[in-house]
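Read the structure below first, then the notes.
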Amino acid sequence: MTRTGSPGEVFRAFLRLGLTSFGGPIAHLGYFRDELVTRRRWLGDREYGDLVALAQFLPGPASSQVGFALGLLRAGPLGALAAWAAFTLPSAILLVAFAYGASLFDNTIGAGMLAGLKIVAVAIVAQAVWGMARTLTPDARRASIAVGAAVIALVLAGSVGQVAAIAVGAVAGLALCRTADQPDRVDLAFPVSKRAGVVALAVFAVLLIGLPIAAAATGIAALDVADAFYRAGALVFGGGHVVLPLLDAEVVTGGWITPEQFLAGYGAAQAVPGPLFTFAAYLGALLAPGAAGLATAAIALVAIFVPGLLILIGVLPFWNAVRTRPAAQALMRGANAAVVGILAAALYDPVFVTAVVDAPSFALALVCFVLLVAWRVPPWVVVIVGAAGGILLTLL
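If you read the sequence shown in this note's numbering, its first letter stands for residue 1, the second for the next number, and so on.
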């Protein structure tokens, strides 16, 4: 596969996703698949599954890493930056506005809309599980690996369970999914050299070690902010909600903001589309008064994303070189099957159990699912239907 798009095309595609991708990182992967694999056909399910499996192994925001890699694949480095900016900025802007007092979703209508958006996430993730299962678990062995991965992810909650499920799936694939032919082999032409990969990993390590030293030596507040959010982004696996304890330790335990402010921002982050890591922009905006909050919001936002993207850039050229070997193919078959299992586990918890609380909400989830799968309605339309349905259910 070669680059065939432009940064503008990538920006437009991901801006649409950034404005409509509600429901957290697992749901985002479903939105990505529907828009970029099914509709736009930028790549196939196997290649997409490879990227998802890789992102699950790496620290950082998994869905944003997948989006960054897709932009890189489609339109090179500028495409990668376009994908990140378009997917990230809508929610970051909304959360900064919330930090300045633009409180939304604090009434009955807002609560109903939020409930409806959670129900849409159920339909989106269910569609992703259904579609990816048909491609990535076409036989009994891989279907069994997916079920085993789902069990592991459900028993071991959080990023530990996800990483363990991928690892067990990869080992099982190596043992059970070897084949003489190579039907899964498709070259992914990431424009990243091995030298650039090494440089990216070196920059990651230098920043991780150097930022706290520089902050302590200079006493510059901006470096303190960059250090705190960079460490949070560098040390979290699985992204999304997993980063919250790390951020709490940095900004609440550190005395920068109050627990009430933290929880209010977390609630707002659930009501906006895009990656949960943009919660950092809200926190950054609270760290300085007035217009200076915009600068600290930008520092916090960039700092929390940079480590995960640096690690991804560092790994891609080496991963691309080994993924086409027979043993690596077997590993990835097992890992891809495990991705389906992880998505299935997430479809149940937290997506289903938090969104579907009664028979009417289950009925709305079924309506959204049929609109997506049978009628092939665009996701942004289903988002509107789900939000309106959630408001109606709340009022009734």
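Ideal placement from N, C-alpha and C gives every residue a C-beta, glycine not left out.
Beta-carbon contacts of residue i that lie in its chain and below 6 Å, excluding the five residues immediately before and after
{"i": "D184", "result": "Residue placement at D184 is flagged as unreliable, the pLDDT there being 49, under the threshold of 50; the coordinate-derived value follows with that caveat. For D184, where only same-chain residues beyond five positions count, the Cβ hits under 6 Å are R46, Q329."}
{"i": "L344", "result": "Note that residue 344 corresponds to Ala in the displayed sequence, not to Leu. Excluding sequence neighbours, A344 sits near V129, A150."}
{"i": "G5", "result": "R74, A75"}
{"i": "A55", "result": "A62, Q65, V66"}
{"i": "L78", "result": "P7"}
{"i": "G293", "result": "A285"}
{"i": "V96", "result": "A281, A285, A297"}
{"i": "A214", "result": "L223"}
{"i": "A86", "result": "F11, F14, L15, G18"}
{"i": "I220", "result": "none"}
{"i": "G101", "result": "none"}
{"i": "H28", "result": "S21, S63"}
{"i": "A172", "result": "I145, G334"}
Reference residue i, options the options, closest by Cα
{"i": "L263", "options": "V272, P273, V252", "result": "V252"}
{"i": "R376", "options": "G110, L301, G131, A221", "result": "G131"}
{"i": "A388", "options": "P90, L15, K118", "result": "K118"}
{"i": "D358", "options": "T324, G390, A55", "result": "G390"}
{"i": "A99", "options": "L395, L201, T258", "result": "T258"}
{"i": "F407", "options": "G274, G293, A196", "result": "Nothing can be reported for residue 407, as the shown portion of the chain is limited to 1 through 396."}
{"i": "A228", "options": "P191, F305, P90", "result": "F305"}
{"i": "V340", "options": "T137, A321, T179", "result": "T137"}
{"i": "V51", "options": "V382, L246, A215, R323", "result": "It should be pointed out that residue 51 corresponds to Leu in this sequence rather than to Val. It is R323 whose Cα lies nearest to the Cα of L51."}
{"i": "A200", "options": "L309, V171, V147", "result": "L309"}
{"i": "R325", "options": "A249, L29, L81, T179", "result": "T179"}
{"i": "A338", "options": "A217, V147, R16, L58", "result": "V147"}
{"i": "F204", "options": "G314, G49, D349", "result": "G314"}
{"i": "A157", "options": "D349, S193, G255, A295", "result": "D349"}
{"i": "V353", "options": "A249, V171, T218, L154", "result": "L154"}
{"i": "A268", "options": "R41, L235, L94", "result": "L94"}
{"i": "A303", "options": "V192, A291, L235", "result": "L235"}
7 Å Cβ shell around residue i - same chain, five flanking residues per side excluded
{"i": "T135", "result": "D45, R46"}
{"i": "I299", "result": "A222, V225, A226, G284"}
{"i": "L301", "result": "A92, T278, A280, A281, G284"}
{"i": "I26", "result": "V125, L343, A346, V351"}
{"i": "I152", "result": "G161, A164, A165, V168"}
{"i": "A83", "result": "V10, F14, G67, F68, L70, G71"}
{"i": "A327", "result": "L174"}
{"i": "N320", "result": "L188, F190"}
{"i": "C177", "result": "R141, R142, A330, R333, G334"}
{"i": "V382", "result": "V120, A123, C368, L371, L372"}
{"i": "G30", "result": "I124, V125, Q127, A128"}
{"i": "Y48", "result": "R33, V37"}
{"i": "W256", "result": "L287"}
{"i": "D248", "result": "F262"}
Contact check, residue i vs residue j, beta carbons under 8 Å
{"i": "A346", "j": "V120", "result": "no"}
{"i": "Y230", "j": "P307", "result": "yes"}
{"i": "G18", "j": "L276", "result": "no"}
{"i": "G432", "j": "G386", "result": "Because the chain spans 1 through 396 in this model, residue 432 falls outside it and cannot be assessed."}
{"i": "G233", "j": "G8", "result": "no"}
{"i": "I145", "j": "G169", "result": "yes"}
{"i": "I334", "j": "L174", "result": "This sequence places Gly at residue 334; Ile is not what is there. Yes; because the gap between Cβ atoms is below 8 Å, this pair is in contact."}
{"i": "L43", "j": "A13", "result": "no"}
{"i": "D34", "j": "P379", "result": "yes"}
{"i": "P90", "j": "G197", "result": "no"}
{"i": "Y266", "j": "L246", "result": "no"}
{"i": "L81", "j": "I311", "result": "no"}
{"i": "N336", "j": "A133", "result": "no"}
Sequence-distant residues of its chain with Cβ nearer than 8 Å to residue i (five each side left out)
{"i": "T38", "result": "G131"}
{"i": "L393", "result": "G112, A115, G116, P360, S361, L364"}
{"i": "A355", "result": "A115, K118, I119, A121, V122, S361, A365"}
{"i": "T108", "result": "T394, L395"}
{"i": "T20", "result": "Y31, P273, P379, W380, V383"}
{"i": "A295", "result": "A222, A288"}
The ligand COA heavy atom lying under 7 Å from the CB of residue i
{"i": "D139", "result": "As presented, the structure is devoid of all ligands, the ligand COA included, so that no description of it is given."}
Can we say the segment 192-212 touches the segment 363-372, given the rule of at least three CB pairs closer than 8 Å? no
Within the segment 150-221, note down every full alpha helix (DSSP H) run reaching 4 residues or more, in order along the chain. 158-176, 194-218
Ordered list of alpha helix (DSSP H) runs contained in the segment 351-396, each at least 4 residues: 359-373, 379-395
Starting from the N-terminal side, write out each stretch of the beta strand (DSSP E) that is 3 residues or longer and does not extend beyond the segment 36-120. none
4-residue-minimum alpha helix (DSSP H) runs that sit fully inside the segment 303-349, ordered along the chain: 326-346
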